[in-house]
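Residue numbering for the sequence shown follows this note's numbering, starting at 70 and increasing by one per position. Ideal Cβ positions, reconstructed from N, Cα and C, are used throughout, including at glycine.
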Amino acid sequence: MSTAAERGRRRGDSPATPFMIVVSGALLIAVGAGIAVYNLVSNQPTAAGEVAGQVGGFPRPSRPEGAALPVGPSPWPATSKASRAPVPAVPPTASPVPVPSPAPISYEAEAPDVIRSDGVTVFPFAGASGGQAVGNVRDGRTVRFVTVAVEGQGDYPLVVAYLARSAHAAQIRVNDGAPIPLTFPPVANDQVGTVTVPVLLLVGLNTIEFGGDCPALDRITV
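Okay, structure coming up:
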């Protein structure tokens, strides 16, 4: 049989056993809750939608030691270094200036420097440019213009102003060339008609002679 002291000790010890069990359980629960919270916080996605140590659900790629950090695209438009280089000045090019054709020159048939055969007559005519005309150029008689000047060799249009009541078949000779037949249609009595024929002229002074059955001449223009 136990003594009174032992019975008293057992009655005093029995309440401590459940208390220790409760305290130990509470500590275990607190420790487990702390571990769960830590794991939950450590696995929480970051603000950029990434999990710690991961990018888009995949492991974050490691950067080799000493490698440069990647640089993202700049919000400002890229400028080329070449665009900042000075642009070489383009020297101006001289455009060819068109040379105007010389103005046509008229030669009056009644002018003093025109050579007229004997029998060729000069008579007044109101419609003529100089108020006079030269007629009776036929039967071997001629009218020769000896001061027809051009600056360049080539074909030139020769315009002949004449008076004729009927058609005439004349000839012209340029310098020492062969005779060129030229037909003159009739015109009204008070009118001056014109015909045009191309002629080859040389640089400087040229000679143009009219003969054959030639109508009265007012002037020539080259």
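Three-state class that DSSP yields for residue i in the structure shown
i, result
"I184", "strand"
"A247", "coil"
"I98", "helix"
"R234", "coil"
"G196", "coil"
"V266", "strand"
"Q260", "coil"
"P226", "strand"
"G209", "coil"
"G280", "strand"
"L271", "coil"
"G221", "coil"
"I289", "strand"
Test item: CB-CB of residue i and residue j under 8 Å
i, j, result
"T252", "A238", "yes"
"N275", "V243", "yes"
"G188", "N205", "yes"
"P254", "A236", "yes"
"D287", "Y225", "no"
"F192", "A202", "yes"
Status (buried if at least 16 other CB within 10 Å, exposed otherwise) for residue i
i, result
"A172", "exposed"
"S178", "Reading off the sequence shown, one finds Ala at residue 178, where the question assumed Ser. The residue is buried, with at least 16 neighbouring Cβ atoms inside 10 Å."
"I184", "exposed"
"G246", "exposed"
"G281", "buried"
"P284", "buried"
* Does the region 208-222 touch the region 257-264, meaning 3 or more C-beta pairs lie closer than 8 Å? -> In short, these stretches do not touch, since the Cβ pair count stays below three.
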